[in-house]
Amino acid sequence: MSIASEFKEFIMRGNVVDLAVGMVVGTAFSAIVKSLVDDVIMPPIGILIGGVDFSNLFLTLKDGAKGAGEAGYATLAAAQADGAVTLNLGLFINNIISFLIVAAAIFCVVKALNSMKKAPAEEAPAEPSEEVLLLREIRDSLNKK
0 MSIASEFKEF IMRGNVVDLA VGMVVGTAFS AIVKSLVDDV IMPPIGILIG
50 GVDFSNLFLT LKDGAKGAGE AGYATLAAAQ ADGAVTLNLG LFINNIISFL
100 IVAAAIFCVV KALNSMKKAP AEEAPAEPSE EVLLLREIRD SLNKK
């Protein structure tokens, strides 16, 4: 068997194709969740806690080449452009929320799949064979005597 045919056989196995489809769908789902967190969930939360833009919530650990001045850097992008060392707390919070949403979605999918797997129905006990019925009749008739 040639390497090309072995490779073709490997690729055409159901598990590999399923994995590839799962990766593509997962990547697309991840982009949707990122947009949901960054564009839909975090802006209202930021407004509720005082107008904080979580994507720009950061601490400057070390100023960049030009320095931030007394006011500090206005945005994370400005700090990074200046070469400042930053602790990006807002991006970390966004990633935690994204993870929780993905984990909840996967939990729901797995739970739905598990509920579709029906437990085998318990079978009613089989009717006794004719031999067993005959032996019971003999036993019962002997007990009557």
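Heads up: the sequence shown begins at 0 in numbering that gives the first Met the number 0, then just goes up one per residue. Note that CB positions come from ideal geometry on N, CA and C, so glycine has one too.
Going by DSSP, what residues sit across from residue i in a beta bridge?
i, result
"Leu58", "Leu86"
Thinking C-beta only, is residue j closer than 8 angstroms to residue i?
i, j, result
"Thr74", "Asn55", "yes"
"Gly226", "Ala83", "Any question about residue 226 goes unanswered here, given that the chain covers just 0 to 144."
What three-state label does DSSP hand residue i in the structure shown?
i, result
"Ile44", "helix"
"Thr26", "helix"
"Lys116", "coil"
"Ala19", "helix"
"Val39", "helix"
How would you write the range of the alpha helix (DSSP H) that residue i sits in, first residue to last?
i, result
"Ala64", "Where Ala64 is concerned, there is no enclosing alpha helix (DSSP H), given that its DSSP letter is neither H nor E."
"Leu134", "129–143"
"Glu5", "2–10"
"Leu75", "75–80"
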